[in-house]
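Protein chains: 2
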Amino acid sequence: MRLILQNTKNMSFFMSFGLSSNSMASNHITIDTINPKVLECEYAVRGEIVILAQKLQEELKNNPNSHPFDEILYCNIGNPQSLGQQPITFFREVLALCAYPAILDKAETKNLFSPDSIKRASDILGQIPGRATGAYSHSQGIKGLRDTIAAGIEARDGFPADPNDIFLTDGASPAVHMMMQLLIRSKNDGILCPIPQYPLYSASIALHGGTLVPYYLDEATGWGLEISELRNQLETAKSKGISVRALVVINPGNPTGQVLAKNNQKEIVDFCKKEGLVLLADEVYQENIYVPDKKFHSFKKVARSMGYGEKDISLVSFQSVSKGYYGECGKRGGYMEITGFSPDIREQIYKLASVNLCSNISGQILASLVMNPPKVGDESYESYSAEKDAILSSLVRRAQQLEKAFNSLEGVSCNRAEGAMYLFPRIDLPNKAIEAAKAVNSGPDAFYARRLLNATGIVVVPGSGFGQVPGTWHFRCTILPQEDRIPAIISRLTEFHKEFMDEFAC
Amino acid sequence: MRLILQNTKNMSFFMSFGLSSNSMASNHITIDTINPKVLECEYAVRGEIVILAQKLQEELKNNPNSHPFDEILYCNIGNPQSLGQQPITFFREVLALCAYPAILDKAETKNLFSPDSIKRASDILGQIPGRATGAYSHSQGIKGLRDTIAAGIEARDGFPADPNDIFLTDGASPAVHMMMQLLIRSKNDGILCPIPQYPLYSASIALHGGTLVPYYLDEATGWGLEISELRNQLETAKSKGISVRALVVINPGNPTGQVLAKNNQKEIVDFCKKEGLVLLADEVYQENIYVPDKKFHSFKKVARSMGYGEKDISLVSFQSVSKGYYGECGKRGGYMEITGFSPDIREQIYKLASVNLCSNISGQILASLVMNPPKVGDESYESYSAEKDAILSSLVRRAQQLEKAFNSLEGVSCNRAEGAMYLFPRIDLPNKAIEAAKAVNSGPDAFYARRLLNATGIVVVPGSGFGQVPGTWHFRCTILPQEDRIPAIISRLTEFHKEFMDEFAC
Numbered sequence: 001m002r003l004i005l006q007n008t009k010n011m012s013f014f015m016s017f018g019l020s021s022n023s024m025a026s027n028h029i030t031i032d033t034i035n036p037k038v039l040e041c042e043y044a045v046r047g048e049i050v051i052l053a054q055k056l057q058e059e060l061k062n063n064p065n066s067h068p069f070d071e072i073l074y075c076n077i078g079n080p081q082s083l084g085q086q087p088i089t090f091f092r093e094v095l096a097l098c099a100y101p102a103i104l105d106k107a108e109t110k111n112l113f114s115p116d117s118i119k120r121a122s123d124i125l126g127q128i129p130g131r132a133t134g135a136y137s138h139s140q141g142i143k144g145l146r147d148t149i150a151a152g153i154e155a156r157d158g159f160p161a162d163p164n165d166i167f168l169t170d171g172a173s174p175a176v177h178m179m180m181q182l183l184i185r186s187k188n189d190g191i192l193c194p195i196p197q198y199p200l201y202s203a204s205i206a207l208h209g210g211t212l213v214p215y216y217l218d219e220a221t222g223w224g225l226e227i228s229e230l231r232n233q234l235e236t237a238k239s240k241g242i243s244v245r246a247l248v249v250i251n252p253g254n255p256t257g258q259v260l261a262k263n264n265q266k267e268i269v270d271f272c273k274k275e276g277l278v279l280l281a282d283e284v285y286q287e288n289i290y291v292p293d294k295k296f297h298s299f300k301k302v303a304r305s306m307g308y309g310e311k312d313i314s315l316v317s318f319q320s321v322s323k324g325y326y327g328e329c330g331k332r333g334g335y336m337e338i339t340g341f342s343p344d345i346r347e348q349i350y351k352l353a354s355v356n357l358c359s360n361i362s363g364q365i366l367a368s369l370v371m372n373p374p375k376v377g378d379e380s381y382e383s384y385s386a387e388k389d390a391i392l393s394s395l396v397r398r399a400q401q402l403e404k405a406f407n408s409l410e411g412v413s414c415n416r417a418e419g420a421m422y423l424f425p426r427i428d429l430p431n432k433a434i435e436a437a438k439a440v441n442s443g444p445d446a447f448y449a450r451r452l453l454n455a456t457g458i459v460v461v462p463g464s465g466f467g468q469v470p471g472t473w474h475f476r477c478t479i480l481p482q483e484d485r486i487p488a489i490i491s492r493l494t495e496f497h498k499e500f501m502d503e504f505a506c
Numbered sequence: 001m002r003l004i005l006q007n008t009k010n011m012s013f014f015m016s017f018g019l020s021s022n023s024m025a026s027n028h029i030t031i032d033t034i035n036p037k038v039l040e041c042e043y044a045v046r047g048e049i050v051i052l053a054q055k056l057q058e059e060l061k062n063n064p065n066s067h068p069f070d071e072i073l074y075c076n077i078g079n080p081q082s083l084g085q086q087p088i089t090f091f092r093e094v095l096a097l098c099a100y101p102a103i104l105d106k107a108e109t110k111n112l113f114s115p116d117s118i119k120r121a122s123d124i125l126g127q128i129p130g131r132a133t134g135a136y137s138h139s140q141g142i143k144g145l146r147d148t149i150a151a152g153i154e155a156r157d158g159f160p161a162d163p164n165d166i167f168l169t170d171g172a173s174p175a176v177h178m179m180m181q182l183l184i185r186s187k188n189d190g191i192l193c194p195i196p197q198y199p200l201y202s203a204s205i206a207l208h209g210g211t212l213v214p215y216y217l218d219e220a221t222g223w224g225l226e227i228s229e230l231r232n233q234l235e236t237a238k239s240k241g242i243s244v245r246a247l248v249v250i251n252p253g254n255p256t257g258q259v260l261a262k263n264n265q266k267e268i269v270d271f272c273k274k275e276g277l278v279l280l281a282d283e284v285y286q287e288n289i290y291v292p293d294k295k296f297h298s299f300k301k302v303a304r305s306m307g308y309g310e311k312d313i314s315l316v317s318f319q320s321v322s323k324g325y326y327g328e329c330g331k332r333g334g335y336m337e338i339t340g341f342s343p344d345i346r347e348q349i350y351k352l353a354s355v356n357l358c359s360n361i362s363g364q365i366l367a368s369l370v371m372n373p374p375k376v377g378d379e380s381y382e383s384y385s386a387e388k389d390a391i392l393s394s395l396v397r398r399a400q401q402l403e404k405a406f407n408s409l410e411g412v413s414c415n416r417a418e419g420a421m422y423l424f425p426r427i428d429l430p431n432k433a434i435e436a437a438k439a440v441n442s443g444p445d446a447f448y449a450r451r452l453l454n455a456t457g458i459v460v461v462p463g464s465g466f467g468q469v470p471g472t473w474h475f476r477c478t479i480l481p482q483e484d485r486i487p488a489i490i491s492r493l494t495e496f497h498k499e500f501m502d503e504f505a506c
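Here it is, written out as structure tokens:
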């Protein structure tokens with residue numbers, strides 16, 4: 001990925017060096033002498049199209065009539081609160097009280113905060129040594145919060161969870177990096193990843209110098225995950241001398257939105273067990289399920305229900321406060337639960353966590369809250385439930401409306417979003433559009449996405465950022481714009497698509 | 001570093017595998033098949049001694065009479081609030097209001113929060129798109145907060161600072177990792193680091209597969225940094241085929257506590273300029289200066305005052321909310337300011353930041369607050385100043401008392417803490433103690449630290465965790481225990497040391 005930074009300072013910098021950093025003093029660091037793994041890494045979710053969007057936004061700010069739309073709609077990233085979703089009140093009450101415990105006992109506080117938020121904040125502060133929310137915690141996170149999270153996992157799965165298996169992290173991303181750092185020794189180490197995949201995985205594998213071993217999800221069967229495909233890709237990788245170390249499964253899927261059936265999960269567990277693969281289960285969308293015929297089952301629950309314990313399979317489950325109905329992306333809270341690793345390897349994971357000291361305490365607290373929200377009978381329960389249900393039921397409607405709209409477009413087909421926050425429609429682009437893209441040195445999907453942005457202000461991510469079957473073209477679009485905006489978005493999109501297809505009709 | 005995890009679950013895990021992970025199914029991941037760079041990395045600040053301390057603390061909890069002390073005193077880590085330091089009220093008021101903006105306009109809020117904290121929170125929320133503190137921000141951090149930080153740097157240095165040069169991070173550690181990831185290609189790439197050093201640097205260099213090129217600080221001249229030593233080590237490294245890419249300077253020093261003189265900083269800048277080295281300036285203790293004859297000067301200010309601009313030197317300054325008088329370690333806020341990098345390299349740094357989306361918003365807000373605290377005339381100014389001055393003046397007294405105490409011990413000499421949060425006394429251990437350590441397969445400094453912990457409950461970090469001239473022994477001890485506890489700590493320490501020296505007298 002080469003990003004174009006629009007910045008006068010950089011331009012003057014360029015100019016003072018004759019437009020190339022290579023003309024700097026020969027012993028200076030240059031693009032040719034940095035770590036090539038960094039160059040190799042790509043991250044389209046914040047890539048070229050988003051940088052163009054930021055530029056257009058700046059132009060709109062300076063001149064509201066500069067474009068045929070009056071705002072940029074960021075559908076490139078699962079960032080609900082950036083599009084107007086409100087935080088869950090109870091969670092924010094507790095966070096505010098933990099940030100400023102001095103007001104806990106004040107009379108006015110009772111008028112501003114719910115009684116159970118005051119109680120919860122007191123309980124949490126009681127679990128923190130010295131009530132110090134400003135202190136580094138244990139490298140894995142505050143023990144009391146890990147107890148709460150473990151209890152939440154137990155309640156969810158019906159199988160025991162151990163607080164010593166929990167590592168609290170600043171969102172799920174650092175946890176994924178930690179596991180990649182642990183597992184990857186060289187280019188000869190492979191990680192099986194779905195294609196399409198969330199590009200954190202490809203980026204992290206590239207940065208740690210490993211090899212992404214792709215397995216393709218089957219678009220025709222609703223992004224089905226076939227064991228035969230896993231097996232084929234594993235064998236192919238082995239025949240190339242790749243030692244495959246782990247399998248990444250994203251469930252519910254990102255960008256694909258499918259929810260795995262329990263039987264399919266069992267097959268995956270058996271496959272990992274038999275092949276000695278670490279199962280890296282991205283389960284951050286576990287609360288985002290939109291269809292009545294599918295349910296979320298954690299891989300740990302599935303493995304335990306098959307009778308498999310610690311010694312049978314190495315399993316990591318990633319969870320985040322950024323997703324679910326809460327969507328608290330800016331809080332950077334999350335955790336991984338690791339099971340089936342020997343004590344000497346756990347020591348190494350602990351050491352990796354220790355090098356960064358600990359994750360942020362607000363994020364830690366929030367992770368404990370989402371795994372233990374208000375219960376029936378708590379003062380906040382009704383308002384909490386109402387907020388949660390309103391968000392989730394609206395997401396269902398938005399997913400359906402957008403899916404229907406995509407499917408009504410010429411040459412577009414779109415699987416339903418059973419979960420997560422995205423649709424990943426496929427576009428059969430006319431040859432003339434593919435040629436036009438080629439002429440400007442662009443991928444056809446990026447060409448389409450750029451045209452869409454320039455015409456409508458809607459930001460989506462080209463399918464190439466996630467991987468797709470060669471010769472097919474997709475884009476990822478979140479279902480997150482506020483519900484009352486969806487009809488307008490659909491008409492902008494429909495109008496654009498029609499004009500695009502007309503322009504490039506063969 | 002091999003850590004011993006004390007955990008019944010792990011023990012049963014051990015047992016079920018016959019005490020070794022090697023007996024797991026042959027295709028399982030084992031300690032012999034993980035990334036050797038992870039094995040190589042060490043991080044003593046949270047190492048063996050701390051794990052022993054946690055065990056003793058657990059024992060004390062179960063039986064208060066199990067040890068000859070009634071509490072563990074964590075002097076291993078610069079974590080002020082864990083030892084009772086209170087947060088700055090104004091900062092926490094603003095954080096609480098930003099966490100729960102719904103109360104901003106409530107009448108009761110005016111009774112609970114200072115007027116300027118309400119105003120500041122409103123201003124900050126106004127700078128955040130959609131007032132969404134729960135949204136991912138720009139990968140570098142919220143633009144308005146970066147503006148504030150840049151203005152704070154300008155006010156500090158008297159030279160311009162550009163918000164586009166600021167990358168907000170979850171504490172300084174991830175920023176250091178990002179730069180190491182960028183600069184290190186292989187074992188043949190070297191980073192000049194002070195010895196003794198803060199082990200984040202050695203750990204990060206090991207994890208990224210580079211070579212730490214040591215330069216020794218001169219204990220005899222108060223941990224002086226000699227350019228001749230830098231030059232010698234650089235030449236030695238070059239002669240071994242190492243391409244040295246950067247120089248790490250920690251100012252004020254960690255673990256050594258010295259504050260560099262401006263002239264010395266000028267020499268360092270010239271050295272980096274001449275050799276084409278990136279200057280990685282760890283300036284997280286910039287507000288922790290305890291002696292009237294020393295002042296903090298940022299390396300950027302020094303370089304600019306020498307007339308050096310963007311094209312002369314590549315410079316990174318790390319700052320953190322964990323240190324200073326605020327000591328907000330748990331908030332994981334910080335930033336790096338990067339100057340003198342070509343646009344194409346900046347793109348790569350932006351990409352690395354993007355892969356983790358953004359740092360936590362509370363930490364971002366706090367970073368803006370510490371760089372723009374209340375000013376004369378603001379309602380909170382007096383209480384803010386009083387809190388700040390009380391903390392800093394107490395740290396001065398504590399540093400002096402502990403330094404004096406260490407220097408009064410037989411065989412111990414200790415440079416003064418001019419800044420930072422640590423003392424790094426040198427112990428001339430009797431030969432018999434060195435032999436005794438050897439007999440139990442321990443380094444002499446670790447042996448001393450373990451004995452100290454077992455006798456007094458005081459946790460310090462052996463000098464070997466930071467590096468020291470071979471044949472010399474040190475430990476790092478924070479100056480952070482609350483002031484009223486210092487006399488008792490000194491007597492415990494003095495008594496222990498006397499007994500230790502008596503026991504091992506030759």
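If you're matching them up, the sequences are chains A and B in order. All residue numbers for the first sequence refer to UniProt numbering, where the first residue is 1 and numbers rise by one. All residue numbers for the second sequence refer to UniProt numbering, where the first residue is 1 and numbers rise by one. Glycine is no exception: its CB is placed at the ideal position from the N, C-alpha and C atoms. Quantities reported herein were computed from a predicted structural model and do not represent experimental measurements.
Report task. Under 7 Å Cβ to Cβ from threonine 374(A), same chain only, skipping five residues before and after it: list those, please. Result -> Looking at the sequence provided, one finds proline at residue 374(A) rather than threonine. Spatial neighbours of proline 374(A) in its own chain (CB-CB distance under 7 Å, excluding positions within 5 residues in sequence) are listed in chain order as Phe90, Asp116, Ser380, Tyr381, Tyr384.
Report task. For phenylalanine 301(B), collect the residues of the same chain with a Cβ closer than 8 Å to its Cβ; drop the 5 residues on either side in sequence, then sort them by chain order. Result -> According to the sequence displayed, residue 301(B) carries lysine and not phenylalanine. Cβ neighbours of lysine 301(B) beyond the five flanking positions: Arg156, Asp157, Gly158, Phe159.
Query raised in the report: Among the residues of its own chain, which have a CB less than 8 Å from the CB of leucine 217(A), if the five just before and after it don't count?
Result: The answer, listed in chain order, is Pro194, Ile195, Pro196, Trp223, Gly224, Leu225, Gly253, Thr256, Gln258.
Report task. Please report the residue range of the alpha helix (DSSP H) in which proline 194(B) lies. Result -> Proline 194(B): not part of any alpha helix (DSSP H); member of the beta strand (DSSP E) spanning 189-195, first to last residue.
Query raised in the report: Quick one: which chain B residues come within Cβ less than 7 Å of glutamate 418(A)?
Result: Proximity of chain B to glutamate 418(A) at the Cβ level (cut-off 7 Å) is not reached, the minimal Cβ distance being about 24 Å.
Requested in this report: Just grab the DSSP bridge partners of leucine 73(A) for me.
Outcome: Partner(s): Ile458(A).
Requested in this report: Note the first and the last residue of the continuous beta strand (DSSP E) segment covering isoleucine 149(B).
Outcome: Counted as a single uninterrupted DSSP element, the stretch harbouring isoleucine 149(B) is not any beta strand (DSSP E) but the alpha helix (DSSP H) occupying residues 143-157.
**Report entry** Start and end residues, alpha helix (DSSP H) containing proline 115(A)
**Finding:** It spans 115-127 - the alpha helix (DSSP H) in which proline 115(A) sits, taken as one unbroken run.
Report task. Could you tell me if threonine 221(A) is buried or exposed, where buried requires 16 or more neighbouring beta carbons within 10 angstroms of its beta carbon? Result -> Exposed is the call here.
Query raised in the report: Listing by chain order, which chain B residues have their CB less than 9 Å from the CB of serine 408(A)?
Result: Close partners of serine 408(A) in chain B (Cβ separation under 9 Å) are lacking, with about 30 Å as the shortest Cβ gap.
Query raised in the report: Using a Cβ-Cβ cut-off of 8 Å (strictly less than) and excluding sequence neighbours within five positions of glutamate 42(A), which residues of its own chain qualify?
Result: The answer, listed in chain order, is Met1, Pro199, Ser202, Ala203, Ala206, Gly465.
Query raised in the report: Does DSSP classify histidine 497(A) as helix, strand or coil?
Result: If DSSP states are grouped into helix, strand and coil, histidine 497(A) belongs with the helices.
Query raised in the report: To the nearest angstrom, how far is it from the Cα of leucine 39(A) to the Cα of tyrosine 350(B)?
Result: As the crow flies, the alpha-carbon of leucine 39(A) is around 12 Å from that of tyrosine 350(B).
Report task. Give the secondary structure of alanine 353(A) by DSSP, where H, G and I count as helix, E and B as strand, and everything else as coil. Result -> Note: alanine 353(A) maps to helix in three-state DSSP.
Query raised in the report: Residues of chain B with CB under 9 Å from glycine 84(A), in chain order?
Result: Correct list: Gly130, Ala132.
**Report entry** Those residues which DSSP pairs with tryptophan 473(A) across a bridge
**Finding:** DSSP lists Ile427(A) as the bridge partner or partners of tryptophan 473(A).
Query raised in the report: If you draw a straight line from the alpha carbon of serine 114(A) to that of alanine 446(A), how long is it in whole angstroms?
Result: If I take the Cα positions, the gap works out to 48 Å.
Query raised in the report: Name the DSSP beta bridge partners of isoleucine 338(B), please?
Result: DSSP, once it has assigned bridges, lists Val316(B) as partnering isoleucine 338(B).
**Report entry** Residues that histidine 28(A) contacts on chain B, provided the C-beta gap is smaller than 8 Å
**Finding:** Under the 8 Å cutoff, chain B gives Gly276, Ser314.
**Report entry** Contact set for proline 64(A): own chain, Cβ-Cβ below 8 Å, skip 5 residues either direction
**Finding:** Result list for proline 64(A): Asp70, in chain order.
Query - Runs of alpha helix (DSSP H) lying entirely within the segment 239-265 of chain A, each at least 4 residues, in chain order - result: Those alpha helix (DSSP H) runs which fall completely within the segment 239-265 of chain A and span 4+ residues do not exist here.
Report task. Measuring alpha carbon to alpha carbon, tell me which of Gly327(A), Ile184(A), Ile29(A) ends up nearest leucine 83(A). Result -> Scanning Gly327(A), Ile184(A), Ile29(A) for the CA closest to the CA of leucine 83(A) turns up Gly327(A).
Report task. Report, in whole angstroms, the separation of the C-beta atoms of phenylalanine 504(B) and alanine 455(B), which I expect to be a contact under 8 Å. Result -> Not confirmed; about 14 Å, so no contact.
Report task. Rounded to whole angstroms, what's the CA-CA distance from lysine 266(B) to arginine 231(B)? Just pull it up for me. Result -> One C-alpha to the other measures close to 15 Å.
Query raised in the report: Going along chain B in order, which residues have a C-beta closer than 9 Å to the C-beta of glutamine 181(A)?
Result: At a beta-carbon threshold of 9 Å, the residues of chain B lying near glutamine 181(A) are Asn35, Lys37, Val38, Leu207, ordered along the chain.
Query - isoleucine 489(B) versus asparagine 79(A) - alpha carbon distance - result: Rounded to the nearest angstrom, the gap between the Cα atoms of isoleucine 489(B) and asparagine 79(A) is 50 Å.
Query raised in the report: Less than 8 Å separating the beta-carbons of tyrosine 290(B) and glutamate 483(B)?
Result: For the pair tyrosine 290(B) and glutamate 483(B), the CB atoms are not nearer than the 8 Å cut-off.
Query raised in the report: Just checking my contact of asparagine 288(A) with methionine 421(A) at CB under 8 Å: how many whole Å lie between their CB atoms?
Result: Between methionine 421(A) and asparagine 288(A) the Cβ distance is about 6 Å, and since that is below 8 Å, they are a contact.
Query - Where the beta strand (DSSP E) through proline 214(B) begins and ends - result: Under the DSSP assignment, proline 214(B) falls in the beta strand (DSSP E) whose first and last residues are 211-216.
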